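For reference, the structure discussed in these notes is given below.
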Amino acid sequence: MEQKTDLRVIKTYKALTDNFLQMLSEKKFENITVNELCDRAMVRRATFYKHFADKVDFFAFVIRTKQAEFDAQIQQQTDQTRPKSFYLGIIQHALDFLNSNKKLVQSVLESNMLPTIMDILSKQITLDITRKLKEDAESGVSLPASPQVMAQFFTGAMVYTLMWWITQKKVLEAELMEELTPLLRAF
Numbered sequence: 017m018e019q020k021t022d023l024r025v026i027k028t029y030k031a032l033t034d035n036f037l038q039m040l041s042e043k044k045f046e047n048i049t050v051n052e053l054c055d056r057a058m059v060r061r062a063t064f065y066k067h068f069a070d071k072v073d074f075f076a077f078v079i080r081t082k083q084a085e086f087d088a089q090i091q092q093q094t095d096q097t098r099p100k101s102f103y104l105g106i107i108q109h110a111l112d113f114l115n116s117n118k119k120l121v122q123s124v125l126e127s128n129m130l131p132t133i134m135d136i137l138s139k140q141i142t143l144d145i146t147r148k149l150k151e152d153a154e155s156g157v158s159l160p161a162s163p164q165v166m167a168q169f170f171t172g173a174m175v176y177t178l179m180w181w182i183t184q185k186k187v188l189e190a191e192l193m194e195e196l197t198p199l200l201r202a203f
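For the sequence shown, position 169 (counting from the first letter as 1) is numbered 185 according to the numbering used here, and the numbering increases by one without interruption.
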């Protein structure tokens, strides 16, 4: 039997997350306090601490939630039967997310939380890609290396290329996809 989450908890998480993301577009993570977040979200501090150890724990929760949303959209919007289309779809979706959340991305890039975020995202992307590569191998696709090695390689290349591109350029989508598509086809 599936365990349902209490509606009050869902509303609390939504209020905290929405206000936190708004605050991140206004100031750096380091300058956000739990008191300020709770006041804006109209959530008691005791309630916050019932669910999260501190703001870093909450930030990790927000990143995991966004990653889960990203994963669900990837599952719906990419062609799971064609590996190259799947990986191009991941990159396209990541670019769409980055373009639609520019203030949030800039705030994260300027904060000291970047290594933590990169670690959380990289681990999840690696898990997703490993799962897909294992499925590909089981269906007869010949892989040049183990799914784990290929997933680490692809994740590192994708995540750090996106980070580099964001910090160097303002225009993302079309230019980057034009440059990455031939690289991915060679992969």
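Every residue gets a Cβ at the ideal spot worked out from N, C-alpha and C, and that includes glycine. Since this is a predicted model, take the numbers as computed values, not measurements.
Identify which residue in M129, L32, Q92 and V78 has its Cα closest to the Cα of T1. Residue 1 lies beyond the range of the chain shown here (17 to 203); nothing can be said about it.
Could you say which of L104, D112 and I182 lies nearest to L125 if we only look at CA atoms? I182
Among the candidates D112, I79, V25 and A57, whose CA atom is the shortest distance from the CA of M134? The residue with the shortest Cα to Cα distance from M134 is I79.
Rounded Cβ spacing between E191 and S127 (contact assumed at less than 8 Å): Their Cβ separation, rounded to whole angstroms, is 26 Å, which puts E191 and S127 out of contact at 8 Å.
Endpoints, alpha helix (DSSP H) assigned at V157: V157 -> no alpha helix (DSSP H), and no H or E assigned at all.
Mind checking L130: buried by the 16 CB within 10 Å criterion, or exposed? By the Cβ neighbour-count rule, L130 is exposed, with fewer than 16 other Cβ atoms within 10 Å of its own.
Is it buried or exposed, T146, if we count other Cβ atoms within 10 angstroms and call 16 or more buried? buried
Span separating the alpha-carbon of T171 from that of A110: 12 Å
Counting Cβ pairs closer than 8 Å, one from the segment 69-83 and one from the segment 20-40, do we hit at least three? yes
Are there 16 or more other CB atoms within 10 angstroms of the CB of A57, so buried, or fewer, so exposed? buried
Are the CB atoms of L137 and L149 nearer to each other than 8 Å? no
Assigned exposure category for Q184 - 16 Cβ within 10 Å defines buried: So Q184 ends up on the exposed side.
Is D112 helix, strand or coil by DSSP? helix
Using DSSP with H/G/I as helix, E/B as strand and the rest coil, what is F68? coil
For Q91, count neighbouring Cβ atoms within 10 angstroms of its own Cβ and tell me buried if that reaches 16, exposed if not. exposed
Alpha carbon to alpha carbon, how far is I106 from F169? 15 Å
DSSP on R147, reduced to helix/strand/coil? helix
How many angstroms separate the CA atom of I48 from the CA atom of M39? 7 Å
Using only CA atoms, which one of D22, I141, S41 and R60 lies nearest to Y103? I141
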